[in-house]
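Residue numbers are given in my numbering: position 257 of the sequence shown equals residue 1203, and the series is strictly consecutive. Built from N, CA and C at the ideal position, the CB exists for glycine as well.
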Amino acid sequence: MIVRLFNNFTIINLFALNEVLYSLAERFISYIQLEKRYSEHTCTAYRNDLLQFFDYTTAAYGPVTIGDITHIMVRSWLASLMEDAMTAKSVNRKISTLKSFFKFCIRQELLQQTPMAKVVAPRISRRLPGFIDEKGMKALEDNRSPVSVTAPFIFADDFEGATHRLIFEIFYQTGIRLSELISLQEFRVDKGNLSIKVMGKGGKERIIPISNQLCTQMTAYMEQKRRELEAFEPAVLLVHPHSGQRLYPKYVYLMVRKYLTDHEITTYRKKSPHLLRHTFATHLTNNGADLKAVKDLLGHASLTSTQIYTHTTIEQLKKVYQQAHPKA
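Right, here's the structure in full:
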């Protein structure tokens, strides 16, 4: 079966020529999965990046070994991606994959030096993160649609509605990532200390405080889950409201987008779970939260990633000044 044609090589030919490189890629993926504790999503992305790169080098240069790969080959591949209108952010992620892979090869004594030393990442124009204003979040919290008169409630009064409402509450009140929400386990909800323990990127744990209201909502959800479903995934907190299985990313993404769109909660174009994470961080900084505390809550490795929210705060201050100051 021919899936695609790459110059004069079919995907089957590419695999035959690249079998050693593919095997090496799988060794690397096993390493980051088992030892570095990278998420399944990240491992899949890294694998796809490497296979795409090996396909390209074989089609463009013929069969190569790991030692044959040069910075010229890498640059050529990156240039082809940018010619296909790939964003600088996506290209940089692929560069990060290759850097990690070649560093692994050096540690395994398969290479003496990395071909990435002469590869320069394209500059990314930094956009301010979008967020939902407090009025929009209050509509979700109060379960009152700002646009519908015939159906004033945003979330239905059933188990599905309870699941969806809790997802929004957890995102907004904790700022956790989609992958962290899906893998959040019941026993990691500490009702006594009003906190949750989250397994973040790289297997790093962090503790996030929660409100008494959210803790009560989580407890009620656990009880309702046991009443409504005959069988469900026992380890995780949130499950699919009909099958009882663990939630999957696309389900949550589409659900969040539908509610934000149907009830006109925000006009921001990209309506996604990550928008709620940005909203959490932006509302904290706008209300005077210490930036280092926000960093720790978000699970950022460095303060640099969190500093973008200070720009949002500055924009907010400018807006207040322009609206309220007599000389503005």
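What are the boundary residues of the beta strand (DSSP E) that includes residue i?
{"i": "serine 1141", "result": "1141-1145"}
{"i": "glutamate 1179", "result": "Segment: none, glutamate 1179 is in no beta strand (DSSP E) and carries neither H nor E."}
Can you tell me where the alpha helix (DSSP H) with residue i in it begins and where it stops?
{"i": "glutamate 986", "result": "986-1007"}
{"i": "isoleucine 1153", "result": "Careful: isoleucine 1153 lies outside any alpha helix (DSSP H), inside the beta strand (DSSP E) at 1151-1155."}
{"i": "aspartate 1242", "result": "1237-1244"}
{"i": "serine 1036", "result": "1034-1053"}
{"i": "arginine 1021", "result": "1017-1029"}
{"i": "methionine 1168", "result": "1158-1174"}
{"i": "phenylalanine 1105", "result": "1105-1120"}
{"i": "threonine 1011", "result": "Neither: threonine 1011 is in no alpha helix (DSSP H) and is coded neither H nor E."}
{"i": "threonine 1250", "result": "1249-1252"}
Hey, how far is the Cα of residue i from the Cα of residue j?
{"i": "arginine 1021", "j": "valine 1065", "result": "7 Å"}
{"i": "alanine 1025", "j": "asparagine 1038", "result": "12 Å"}
{"i": "isoleucine 1128", "j": "isoleucine 1122", "result": "10 Å"}
{"i": "threonine 1162", "j": "glycine 1138", "result": "11 Å"}
{"i": "phenylalanine 999", "j": "tryptophan 1023", "result": "7 Å"}
{"i": "glutamine 1058", "j": "isoleucine 1052", "result": "6 Å"}
{"i": "isoleucine 957", "j": "alanine 1006", "result": "Legend: pLDDT at isoleucine 957 = 42, less than 50; position of this residue unreliable, no value from coordinates given."}
{"i": "aspartate 1001", "j": "glutamine 1054", "result": "23 Å"}
{"i": "valine 1202", "j": "glycine 1013", "result": "46 Å"}
{"i": "leucine 960", "j": "glutamine 979", "result": "Interpretation of leucine 960 is limited by its pLDDT of 44, a score under 50 that renders its predicted location unreliable; the figure taken from the coordinates is listed afterwards. So the two alpha carbons sit approximately 25 Å from each other."}
{"i": "histidine 1186", "j": "isoleucine 975", "result": "29 Å"}
Using DSSP with H/G/I as helix, E/B as strand and the rest coil, what is residue i?
{"i": "proline 1195", "result": "helix"}
{"i": "arginine 1223", "result": "helix"}
{"i": "glutamate 1210", "result": "coil"}
{"i": "glutamine 1131", "result": "strand"}
{"i": "aspartate 1088", "result": "helix"}
{"i": "aspartate 1136", "result": "strand"}
{"i": "asparagine 959", "result": "With a pLDDT of only 46 at asparagine 959, under the threshold of 50, the placement of this residue in the model should not be trusted, and no figure is reported."}
{"i": "valine 966", "result": "helix"}
{"i": "valine 1093", "result": "coil"}
Is the CB-CB distance between residue i and residue j below 7 Å?
{"i": "tyrosine 1255", "j": "threonine 1228", "result": "yes"}
{"i": "arginine 1172", "j": "valine 1182", "result": "no"}
{"i": "tyrosine 992", "j": "threonine 1043", "result": "yes"}
{"i": "leucine 1086", "j": "phenylalanine 1117", "result": "no"}
{"i": "glycine 1146", "j": "glycine 1082", "result": "no"}
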